[in-house]
Amino acid sequence: MDTEEQARVALVTGGTAGLGLALVRALAAEGWHVVTDGRSEERITAAGLPPAVTVVPGDVTDDEHRAALVAAVEEEGRLDLLVHNASTLGPLPMRPLAEATVGDLQQVWRTNVGAPLVLTGALLPWLREAGGVVLSLSSDAAVQHYGTWGLYGASKAALDHVTLTYGAETGLAAYAVDPGDMRTAMHQDAFPGEDISDRPLPETVVPRLLRLLAERPASGRYRADEVEVGLG
Ligand SMILES: NC(=O)c1ccc[n+]([C@@H]2O[C@H](COP(=O)([O-])OP(=O)(O)OC[C@H]3O[C@@H](n4cnc5c(N)ncnc54)[C@H](OP(=O)(O)O)[C@@H]3O)[C@@H](O)[C@H]2O)c1
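Here the working numbering is used: the first residue of the sequence shown is 4, the next is one more, and so on.
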């Protein structure tokens, strides 16, 4: 098959719930082939993803699992988009930095920084070949300082740095995007017992991510609510 006729391929980590699931569904609906993952078999089954989506069950912090993700990309034979979406808030309930242990830090950084760092490195040949994009889901906590959000916020600041340094080193388009508050399981975990029904659904953020990918502005940090949609 000629390259022009091949479906574009994305790897989206954490595509079985929340924003990742909404993005995976939207990409598949636009004709992309998508590789994704998630740890919970229950969530994988409940997601009911279409045939264009290959789910590789597992944890992004696990070396063998990441090797399986890379193998799934090799099976597809190309990679146009790598999205680092899987993430952890750290120990719950969230707590002040003075109560954090080195183990807590390691757990958060392994998921939010370490896994994206090494997965991007492993997939660079494929991304270079396709002139692909690296997109990491960041947070306002990466640039603002909220009590009890220190471990997570610092990890997102580091993720931004790693993502944008990859852009500088490779010339690939690299984006760190703050999606804004969304009505998801992670957000409910951050605000236990609180009614979060006023937060927008993750599906509302997806068109902004797709717009960014279509327009390919300069590599950098973006807020999803600053990306204009529906202007043609
Ligand atoms: N929700 C918000 O308000 C908000 C605001 C700012 C930024 N963000 C960022 O936006 C992104 C999406 O957030 P979300 O609220 O949609 O999260 P979510 O509802 O918690 O969904 C996270 C997804 O990632 C998977 N996942 C988590 N840890 C994983 C791991 N170690 N290995 C593989 N898969 C893993 C989860 O499945 P399993 O648990 O089954 O593995 C799930 O599919 C995150 O990067 C988050 O930090 C969210």
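Backbone N, C-alpha and C fix where the C-beta goes; we use that ideal spot for every residue, glycine too.
- In this model, Tyr155 and Ala193 are separated by some 11 Å (Cα to Cα).
- Taking the Cα positions, Glu67 is about 32 Å away from Arg98.
- Here DSSP, grouped into helix, strand and coil, assigns Tyr149 to coil.
- Restricting attention to Thr91, Val209, Ala20 and Gly124, the CA atom closest to the CA of Gln109 is found in Thr91.
- If you draw a 10 Å sphere on the C-beta of Arg131, you find fewer than 16 other C-beta atoms in it, and that means exposed.
- Distance from the Cα of Leu95 is smallest, within the candidate group Thr151, Glu45 and Val180, for Thr151.
- Thr91 sits in coil when the DSSP states are folded into three classes, being neither helix nor strand.
- Rounded to whole angstroms, the Cβ separation of Gly106 and Thr64 is 13 Å, and the two are not in contact under 8 Å.
- For Asp40, the enclosing beta strand (DSSP E) stretches over residues His36 to Gly41.
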